[in-house]
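Each residue of the sequence shown is one higher than the one before, counting from 6 in our numbering.
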Amino acid sequence: MSGQKAIFPKARALRSFWASRRHVVRGLGSHSASNPRVCVVGGGPAGFYTAQHLLKGRQDVEVDIYERLPVPFGLVRFGVAPDHPEVKNVISTFTQTARQARCGFYGNIHVGKDVSVDELLRAYHAVVLSYGAEGNRTMGIPGENLDGVYSAKDFVGWYNGLPSNRELNPRLDCETAVILGQGNVALDIARILLSPIDLLKKTDITQRSLDVLAHSKVRRVLIVGRRGPMQVACTIKEVREMVNLPDTRPEMLPAEFQGVTEALKVLPRPRKRLTELMARTALEAPTEEELERRRKASRVWGFRFFLSPLEVLATTSDPARVTGIRLAVNRLEGSGEGARAVPTGEVEDVACGLLISSIGYKSLAIDAAVPFDPRRAIVPNTMGRVQEAAGLYCSGWVKTGPVGVIATTMNNSFDTARTLMEDMDSGVLDVSAAKPGSLGVRPLLEERGVRPVTFSGWEKIDAEETRRGKADGKPREKLLDVGEMLHLSRT
Ligand code: FAD
Ligand code: NAP
6 MSGQKAIFPK ARALRSFWAS RRHVVRGLGS HSASNPRVCV VGGGPAGFYT
56 AQHLLKGRQD VEVDIYERLP VPFGLVRFGV APDHPEVKNV ISTFTQTARQ
106 ARCGFYGNIH VGKDVSVDEL LRAYHAVVLS YGAEGNRTMG IPGENLDGVY
156 SAKDFVGWYN GLPSNRELNP RLDCETAVIL GQGNVALDIA RILLSPIDLL
206 KKTDITQRSL DVLAHSKVRR VLIVGRRGPM QVACTIKEVR EMVNLPDTRP
256 EMLPAEFQGV TEALKVLPRP RKRLTELMAR TALEAPTEEE LERRRKASRV
306 WGFRFFLSPL EVLATTSDPA RVTGIRLAVN RLEGSGEGAR AVPTGEVEDV
356 ACGLLISSIG YKSLAIDAAV PFDPRRAIVP NTMGRVQEAA GLYCSGWVKT
406 GPVGVIATTM NNSFDTARTL MEDMDSGVLD VSAAKPGSLG VRPLLEERGV
456 RPVTFSGWEK IDAEETRRGK ADGKPREKLL DVGEMLHLSR T
């Protein structure tokens with residue numbers, strides 16, 4: 006992103022931006038100069054939910070959200086699958102929060118680069134780190150960087166219009182794709198790869214990726230897990246969507262479901278229903294109607310189990326390009342969700358021309374002054390209080406690790422907001438001395454030639470995206486270029 010950051014050397018332009026903000030900056034008008042000022046780093050669900058709960062919980066608090074990109078909403082915009090538009094309804098709640106008089110939004114500010122966390126702590130009474138998980142776990146195996154191997158994070162970013170992934174142009178010129186990992190992200194990707202193009206056309210998937218998907222040769226997607234059917238990380242809704250995906254049929258190995266039917270009765274209810282669905286799909290003879298549907302299907306999907314990645318394979322004639330994946334065959338030690346995969350010593354090679362590693366996202370350190378646990382890849386905290394860092398809090402995926410749906414993120418963000426308000430009430434967090442808030446950050450950004458995008462600037466981008474999408478019957482056509490976003494936000 007750094008290469009795309011717009012630098013405005015003309016101090017005049019910056020002065021006029023801040024002058025135009027002056028009348029809307031809270032604390033200058035009806036609010037007291039000593040109102041508690043909180044800064045939230047990251048404009049995804051965690052950032053917005055933390056802000057919402059703080060604003061609701063205390064009528065005197067003022068919250069500013071600083072977001073790296075010119076556009077808000079984090080993974081709701083850049084992660085959630087385009088064919089799940091209902092999930093994105095949370096955007097209207099976030100918009101209500103951003104429009105409150107006591108809430109400010111400053112996009113295009115990369116904390117840790119444009120402004121440090123220490124600088125924010127000087128300007129605000131408290132800083133909440135809600136910057137998500139911008140990295141991904143790696144497999145740590147030979148060949149991981151071959152052509153045709155992608156992280157789920159990049160692949161998802163590509164079809165969802167994340168500016169840094171817009172040039173990914175994944176190679177979809179092969180018949181079989183393997184996805185490593187069996188979480189909901191893996192299933193999102195499998196669905197996008199196999200969905201009939203007409204189903205995607207009316208979503209907010211980028212036109213650029215739609216064009217590539219329209220020419221895709223991928224006809225078979227295998228979703229590979231290191232453990233068994235009773236340990237998959239995905240949920241029933243997503244498996245059901247695969248089972249019902251038009252023009253596809255399932256391909257499973259009944260042998261991998263050995264013992265599953267017998268174990269069903271002791272499983273807790275959600276896991277039981279999910280496992281039943283998979284076992285039925287793998288083991289039961291289909292009805293005549295279903296058989297007919299499967300016979301006509303031109304695409305195939307399936308789960309494979311008990312397989313861990315060992316090495317990405319290529320041929321000597323084309324050593325740069327993936328041609329398959331070598332997998333260690335595992336057995337399980339223990340039972341239930343905690344069962345461990347143990348290699349048997351056997352290996353299996355699976356041919357594929359596209360390999361997507363979907364084994365989890367990962368938070369990164371953004372500022373050397375902020376505590377970070379590199380092993381767990383989270384900001385170490387106790388109930389949202391960053392350990393040994395007064396005034397610093399965290400929420401969302403950077404607090405918990407990269408797991409949980411938006412509702413989970415909402416709850417843990419509300420918890421952090423509650424912790425912060427308790428600290429204000431008890432005096433653990435001293436809010437008695439006045440702090441300048443965004444007015445303290447302003448000269449630093451001016452000096453560095455960084456110009457924020459306000460929420461009304463985002464609303465101009467939003468209006469343009471909606472306008473461009475309308476012509477094609479899409480909810481929006483996302484802008485892919487940061488420069489264009491910045492330009493539009495200032496028109
Ligand atoms: P994020 O959403 O990642 O937000 C973090 C924000 O911080 C981003 O906007 C980022 O740009 C910003 N940021 C990063 N670094 C900086 C910095 N240095 N300075 C300033 N800002 C910064 N949940 C569901 O309920 N339903 C779904 O369908 C669903 N689909 C998903 C699909 C995918 C591919 C993924 C990965 C997750 C999905 N989730 C879904 C889970 C959901 O997206 C997360 O629970 C939620 O987004 C986590 O919120 P967050 O705010 O912690 O992180
Ligand atoms: P996830 O749910 O944690 O799944 C990660 C998968 O990768 C698991 O199958 C895991 O297997 C596997 N894995 C991890 N390390 C591995 C390794 N070294 N080798 C092989 N396999 C490995 O993560 P995710 O799919 O990225 O999803 C993140 C969160 O977002 C989840 O909470 C998910 O529910 C949520 N999300 C929700 C939706 C939705 O609601 N529609 C959509 C997308 C994402 P093990 O179990 O063996 O570790």
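Note that CB positions come from ideal geometry on N, CA and C, so glycine has one too. Remember, it's a predicted structure, so these values are computed and weren't measured experimentally.
Taking the beta strand (DSSP E) that residue i belongs to, which residues open and close that run?
i      : result
Pro314 : Leu312 to Leu318
Ile194 : From DSSP, Ile194 is part of no beta strand (DSSP E) but of the alpha helix (DSSP H) over Asn189 to Leu199.
Ile361 : Leu359 to Ser362
Pro348 : Arg345 to Ala356
Glu124 : No beta strand (DSSP E) contains Glu124, which is instead part of the alpha helix (DSSP H) from Val122 to Ala128.
Asp288 : Correcting the residue identity first, residue 288 is Leu in this sequence and not Asp. Element bounds for Leu288: not the beta strand (DSSP E) but the alpha helix (DSSP H), Arg274 to Leu288.
Arg304 : Arg304 to Arg309
For residue i, does the count of other Cβ atoms within 10 angstroms reach 16, so buried, or fall short, so exposed?
i      : result
Ser35  : Because the pLDDT at Ser35 is just 39, under 50, the model does not fix this residue reliably, and the value given afterwards should be weighed accordingly. Counting Cβ neighbours within 10 Å, Ser35 comes out exposed, since fewer than 16 surround it.
Asp123 : exposed
Gln187 : buried
Gln138 : This sequence places Ala at residue 138; Gln is not what is there. When all chains shown are included, Ala138 counts as buried.
Ile210 : buried
Gln57  : buried
Pro87  : buried
Lys479 : buried
Glu72  : buried
Met429 : buried
Using the Cα positions of residue i and residue j, report the straight-line distance between them to the nearest angstrom.
i      : j      : result
Arg304 : Ala333 : 27 Å
Asp323 : Val183 : 19 Å
His243 : Asn150 : The displayed chain sequence assigns Glu, not His, to residue 243. Approximately 29 Å, taken between the alpha carbons.
Ala468 : Ile96  : 14 Å
Ala238 : Val455 : 41 Å
Arg176 : Pro77  : 30 Å
Arg423 : Ala374 : 25 Å
Leu279 : Ile241 : 5 Å
Asn386 : Val45  : 16 Å
Leu405 : Ala302 : Just to set this straight, residue 405 is Thr in the shown sequence, not Leu. Rounded to the nearest angstrom, the two C-alpha atoms are 41 Å apart.
His89  : Arg196 : 11 Å
Glu91  : Ala439 : 42 Å
Ser400 : Gly474 : 33 Å
Ala106 : Ser135 : 21 Å
Have a look at the options and flag the residue whose alpha-carbon is nearest the alpha-carbon of residue i.
i      : options                           : result
His115 : Arg107, Arg453 and Ile197         : Arg453
Gln263 : Arg171, Glu180 and Leu288         : Leu288
Arg331 : Thr320, Gly341 and Ser135         : Thr320
Asp193 : Glu293, Gly84 and Gly48           : Gly84
Asn189 : Asn417, Ser431, Ala103 and Tyr366 : Tyr366
Asp203 : Leu250, Ala157, Cys179 and Glu72  : Leu250
Glu393 : Asp420, Val433 and Ala476         : Val433
Pro407 : Ala51, Asn40, Ser214 and Ser39    : Ala51
Arg309 : Ala370, Arg104, Thr208 and Glu353 : Glu353
Arg261 : Arg254, Asp252 and Arg285         : Correcting the residue identity first, residue 261 is Glu in this sequence and not Arg. For Glu261, the nearest C-alpha among the options comes from Arg285.
Ile371 : Ala395, Val403 and Ser340         : Val403
Thr459 : Glu482, Leu449, Leu491 and Asp428 : Leu491
Helix, strand or coil for residue i? Go by DSSP, reduced to three states.
i      : result
Glu230 : The displayed chain sequence assigns Gly, not Glu, to residue 230. Gly230 falls in the coil class under three-state DSSP.
Gly488 : helix
Glu256 : coil
Pro90  : helix
Ser7   : Bear in mind that a pLDDT of 36 at Ser7, under 50, signals an unreliable position, so the model cannot answer this.
Glu452 : helix
Pro376 : coil
Asp69  : strand
Val217 : helix
Lys367 : strand
Leu167 : coil
Phe53  : helix
Phe78  : coil
Leu332 : strand
Arg481 : coil
Arg381 : coil
Glu338 : strand
Gly112 : strand
Leu444 : helix
Thr321 : coil
Over what stretch of residues does the alpha helix (DSSP H) that includes residue i continue unbroken?
i      : result
Asp159 : Ala157 to Tyr164
Arg472 : Phe460 to Lys475
Asn416 : Ile411 to Ser431
Thr100 : Val95 to Ala103
Leu205 : Ile202 to Lys206
Ala268 : Val265 to Ala268
At a threshold of 8 Å, does residue i count as lining the ligand SAM (C-beta to nearest heavy atom)?
i      : result
Lys242 : The ligand SAM is not part of the structure shown, which contains the ligand FAD and the ligand NAP as its ligands.
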